[in-house]
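See structure below.
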Amino acid sequence: VAEAKALAKSAGDLDALRTAIEAFEHCELKRGARNLVFADGQPNARVMVIGEAPGRDEDMQGKPFVGRAGQLLDKMFAAIGMDRTSPDAEAALYITNVLPWRPPQNRDPKPEEVAMLLPFVQRHIELVDPDLVVLMGNHACQALLKKKGITRLRGKWAEALGRPAMPMLHPAYLLRNPVAKRDAWHDLLMVQAKLRETK
Ligand code: URA
């Protein structure tokens, strides 16, 4: 963890951060993964989305949220006029995960893996410097809020690294529980309202 902290701190921009993560050899996950999944979207975005970990499709393509859950995530944000390809900071998204490598068989991240890699995620947020953060699912909330229980946390503003953070139900969960999409819709509208308020 000390080495991750030192490496993360010394990264002065996103390219340097990516290089620092690539050079970090202390996480077992790296050996099982095909690609580093660093981020996608626009670094000037006002909103930064933080997921859990790459799945199979993400591992193959080296990009976050490109599988089924990712397609739903894109649809959800499109519904409030936002997308990861937009050059306009107001409409843009920047997307990353707590873990940059796929866990074997998509198992849950281990607390020690999250703890080890957390300095990189924290630095990632500092460098992108978004106005607000969306935390997708339990693992992102645990890592950045130190709180468990997404069903209680969702829909209420929290704070991550000094900025507003909205915990939301993970799109992979929504695929299994479509009824919960109305909760996600509520939370997306809160994000949209906050963006307007803080313009
Ligand atoms: N689920 C995540 O949390 N992140 C991804 O990148 C893909 C699926």
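All letters in the sequence shown, in the order written, are residues 560 to 758 by my numbering.
Just so it is clear, CB atoms sit at the ideal spot from N, CA and C, and this is done for glycine as well.
Pick from E649, C586, Q630, V606 that is closest to P723, judged by C-alpha positions: Within the sequence shown, numbered from 1, the residue matching residue 723 stands at position 164. The option with the nearest alpha carbon to P723 is V606.
With a threshold of 8 Å, are at least 3 pairs of Cβ atoms found where one atom belongs to the stretch 654 to 661 and the other to the stretch 676 to 690? yes
Got a sec: does the ligand URA put a non-hydrogen atom nearer than 8 Å to the Cβ of G696? Position 137 of the sequence shown, counting from 1, holds the residue named residue 696. Answer for G696: yes, Cβ within range of the ligand URA.
Selection from P613, K634, A612, L676 that minimises the alpha carbon distance to H585: One-based indexing of the sequence shown puts residue 585 at position 26. Here the closest residue by C-alpha is L676.
Report the rounded CA-to-CA distance for N665 versus E587, giving the unit in angstroms. Stepping through the sequence shown from its first residue, residue 665 is reached at position 106. Stepping through the sequence shown from its first residue, residue 587 is reached at position 28. Rounded to the nearest angstrom, the two C-alpha atoms are 14 Å apart.
For R722, list the residues DSSP reports as bridge partners. Against the sequence shown, residue 722 aligns to sequence position 163. Under DSSP, R722 forms a beta bridge with A719.
Would you list the one or two residues that DSSP bridges to L652? Your numbering for residue 652 matches position 93 in the sequence shown. Its beta-bridge partners are V606.
Can you tell me whether L566 is buried or exposed, with buried defined as 16 or more other CB within 10 angstroms of its CB? Residue mapping note: residue 566 aligns to position 7 of the sequence shown, counting from 1. Buried is the call here.
Just to confirm, is the Cβ distance from A638 to A731 under 9 Å? In the sequence shown, counting from the first residue as 1, residue 638 sits at position 79. In the sequence shown, counting from the first residue as 1, residue 731 sits at position 172. No, these two residues do not count as a Cβ contact at 9 Å.
Between the Cα of G600 and those of P613, D618, D647, spot the shortest distance and give me the residue it belongs to. Position 41 of the sequence shown, counted from the start, is the residue given in the question as residue 600. The option with the nearest alpha carbon to G600 is D647.
Need the endpoints of the alpha helix (DSSP H) that L687 sits in, please. Sequence index remark: in the sequence shown, residue 687 carries index 128 (1-based). First, the amino acid is wrong: residue 687 is Val here, not Leu. Here the alpha helix (DSSP H) through V687 covers 670 to 687.
Would you call the CB atoms of E617 and V625 closer than 9 Å? Looking up residue 617 in the sequence shown gives position 58. Looking up residue 625 in the sequence shown gives position 66. Going by C-beta atoms, E617 is nearer than 9 Å to V625.
Residue burial classification, R682 (beta-carbon count within 10 angstroms, cutoff 16): Your numbering for residue 682 matches position 123 in the sequence shown. It counts as buried.
Provide the residue span of the beta strand (DSSP E) that contains L691, from first to last. Residue 691 sits at position 132 when you count from the first residue of the sequence shown. Run containing L691: 691 to 695, per the beta strand (DSSP E) assignment.
Using a Cβ-based criterion (distance less than 8 Å to any ligand heavy atom), does V596 qualify as near the ligand URA? By one-based count along the sequence shown, residue 596 stands at place 37. Yes - the ligand URA has a heavy atom lying nearer than 8 Å to the Cβ of V596.
Residues of its chain near A579, where Cβ-Cβ distance is below 8 Å and the 5 sequence neighbours each way are ignored: Translated into positions along the sequence shown, residue 579 becomes position 20. Excluding its 5 nearest sequence neighbours in each direction, A579 has C-beta neighbours in its own chain below 8 Å: L566, A567, S569, A570, F679, listed in chain order.
Does the Cβ of N736 lie closer than 8 Å to at least one heavy atom of the ligand SAH? The ligand SAH is not among the ligands present in this structure, which contains only the ligand URA.
Boundaries (first-last residue) of the alpha helix (DSSP H) holding H585: The count along the sequence shown starts at 1 and reaches residue 585 at position 26. Run containing H585: none; DSSP gives neither H nor E here.
Determine the burial state of L631: buried for a count of at least 16 other Cβ atoms within 10 Å of its Cβ, exposed for fewer. By one-based count along the sequence shown, residue 631 stands at place 72. Answer is buried; the Cβ neighbour count reaches 16.
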